[in-house]
Amino acid sequence: LILPETDYILISFLRSVHLELVRLGQSVNSVFGIRILSSMIMVFCLLCTILYRFWTVTTGGDSLENKWTEQKLIMMWLTFYLYKLLLINIICGRTSNL
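Numbering (UniProt numbering), first residue to last: 1 to 98.
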């Protein structure tokens with residue numbers, strides 16, 4: 001198979017990026033191990049549960065005042081766990097660049 005020069009350069013660049021991502025994943029896994037994995041799984045499950053609860057409250061038959069109150073509480077928890085998820089990702093990204 002003969003590839004044009006630009007395709008060959010692109011494929012070799014993508015291969016090197018993939019290799020770097022694999023190395024990065026291995027180093028993060030060796031540093032944080034099972035703790036960060038379990039934390040990310042827990043936050044993801046909680047986010048899914050919170051979003052499901054938000055959907056059931058929004059489509060439910062409660063009064064508008066009850067919906068509004070519960071939606072505010074759900075949005076606060078959703079914001080907290082999204083912030084936690086983003087913070088974990090940012091910290092992992094910064095430590096991997098050291």
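The beta carbon of each residue, even a glycine, is placed where N, CA and C say it ideally should be.
Cβ neighbours of residue i in the same chain (closer than 7 Å, five flanking residues each side left out)
i: Val57; result: Lys67, Glu70, Gln71 and Ile74
Euclidean distance between Cα positions of residue i and residue j
i: Phe80; j: Pro4; result: 49 Å
i: Phe44; j: Arg35; result: 14 Å
i: Val28; j: Leu21; result: 10 Å
i: residue 101; j: Leu47; result: The shown model of the chain, from 1 to 98, leaves out residue 101, and the question about it has no answer.
Residue j beta carbon less than 8 Å from that of residue i
i: Ile90; j: Ser39; result: no
DSSP three-state assignment for residue i, whether helix, strand or coil
i: Ser63; result: coil
Residue burial classification, residue i (beta-carbon count within 10 angstroms, cutoff 16)
i: Ile50; result: buried
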